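Note sheet for the following structure.
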Amino acid sequence: MASLRSTQRIAGLGFALPAAVAVAGLAFAWPADAAFIWDGDASGGTKIYGLLNCDSPGSVTAVSDAQRGRIWKYDKPSGSNRCESHGIAVDGSKYAFRNGGTYWFGWSSKLSSTVDNNATFQWKSYGDHIQNWPVVLKTLGGRTTMIQRQPGNQVFTIWSTPATANTWNHYTIGLHLSDETKGGWVELWVNGRQQQFGDGTTRWACRTFDSSNDPKWGVYGAENSRVVNYIDDLKVGTARGDVD
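For the sequence shown, the residue numbers in mature numbering (1 follows the signal peptide of the UniProt record, and there is no 0) are -34 to -1, 1 to 210.
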């Protein structure tokens, strides 16, 4: 996978999304006390999510794939701006990610279109926040792109690679959560290979936590196009081995 050779700053990018609260917790320890947190298998139904942000006629449904079995289908129709899941539910309660914790998110994705969108994955801020979305994956200019937002609306494209429709790719994102300006970090692995960021590192130092943050999968943006995001292998843990 290709990565950007230089870090590009982008001005004026911002998403406004509905607010929500989280109500459960995790004591942080990594990697010595690594723990599997959540299995997002489609056989569990939509109750495995915190909630859904997908207005009709869009839908989040479990469908059958000949090779993979039951997978998620996020179907965002033309004329709609989003079809996403918001947060995860553990033991029936919406899970709360903690400042100071290290978390790993793993999933496989197949997009029906490489049209520009705002996000296919968001690490989204809620509550009394200043970042809105510290980290997103999106399709931009025919490339799968990771963007990181710092306080003061400093927005950086830190990685990208050519995007291909109707192709499965596995993503693993590691996040160490911190509300300090560069106290946290993000790592990215694609199809089992660690990616290098625009600054030449494999661990991007940044602020990754506001008052509350949740993961979001699906399709956000691309309002004038129908986009389907098929997702499989959804997992969350405190070590990369939990989610690969």
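Here a beta-carbon is modelled for each residue, glycine too, at the ideal position from N, C-alpha and C.
In this text the structure is predicted, and so the values were computed from the model without any measurement.
Skipping 5 residues on each side, what residues in its chain have a beta carbon closer than 6 Å to that of residue i?
i	result
Phe163	Ile124, Trp125, Trp170
Ile3	Val202, Gly203
Asp199	Trp73, Ser74
Identify, in the order they occur along the chain, each residue of the same chain with its Cβ nearer than 7 Å to the Cβ of residue i, setting aside the five sequence neighbours on each side.
i	result
Thr12	Leu18, Val26
Pro(-4)	A caution first: Pro(-4) carries a pLDDT of 41, below 50, which makes its placement in the model too unreliable to give a value.
Going by CA-CA distance only, name the one from the options that's closest to residue i.
i	options	result
Phe175	Val101, Cys49, Gly58	Val101
Tyr40	Ile96, Ile197, Ala205	Ile197
Ser74	Ile54, Asp7, Glu153, Ile14	Asp7
Ala52	Gly184, Cys172, Gly72	Checking the displayed sequence, the identity of residue 52 turns out to be His instead of Ala. It is Gly184 whose Cα lies nearest to the Cα of His52.
Asn117	Cys49, Cys172, Thr133, Asp31	Note on identity: in this sequence residue 117 is Pro, with Asn being the wrong assignment. Looking at the Cα atoms, Cys172 is the closest of the given residues.
Ile54	Trp89, Glu146, Gln114	Trp89
Trp70	Gln33, Glu153, Gln161, Arg36	Glu153
Thr68	Leu141, Thr133, Gln161, Gln97	Leu141
Gln97	Gln114, Asn190, Lys60	Gln114
When the Cα atoms are used, what is the spatial distance from residue i to residue j?
i	j	result
Asn157	Ile139	12 Å
Gly(-21)	Met112	Residue confidence for Gly(-21) is low, a pLDDT of 38 falling below 50, so the modelled location carries little weight; the figure read from the coordinates is stated next. Gly(-21) and Met112: Cα-Cα distance of roughly 14 Å.
Thr127	Trp151	20 Å
Asn179	Leu143	10 Å
Ser46	Asp21	8 Å
Gln120	Leu106	18 Å
Gly166	Pro23	43 Å
Gly58	Leu77	29 Å
Thr168	Tyr137	15 Å
Lys104	Cys49	14 Å
Tyr15	Lys60	8 Å
Sorted by chain position, which residues of the same chain lie with C-beta nearer than 8 Å to residue i's C-beta, five sequence neighbours on each side aside?
i	result
Ser177	Ser91, Tyr92, Gly93, Asp94, His95
Arg36	Asp7, Ala8, Ser9, Ala28, Val29, Ser30
Kindly say whether residue i, judged by its beta-carbon, lies nearer than 9 Å to any beta-carbon of chain C.
i	result
Arg173	The chain inventory of the structure shown lacks chain C, comprising one protein chain alone.
From the DSSP output, read off the bridge partner residues of residue i.
i	result
Trp89	Val101, Pro181
Thr138	Gly72, Trp155
Please tell me whether residue i and residue j are closer than 9 Å, where the distance is taken between their beta carbons.
i	j	result
Ala85	Lys182	yes
Ala131	Arg109	no
Val194	Asn83	no
Ala188	Ser79	yes
Trp155	Asp208	no
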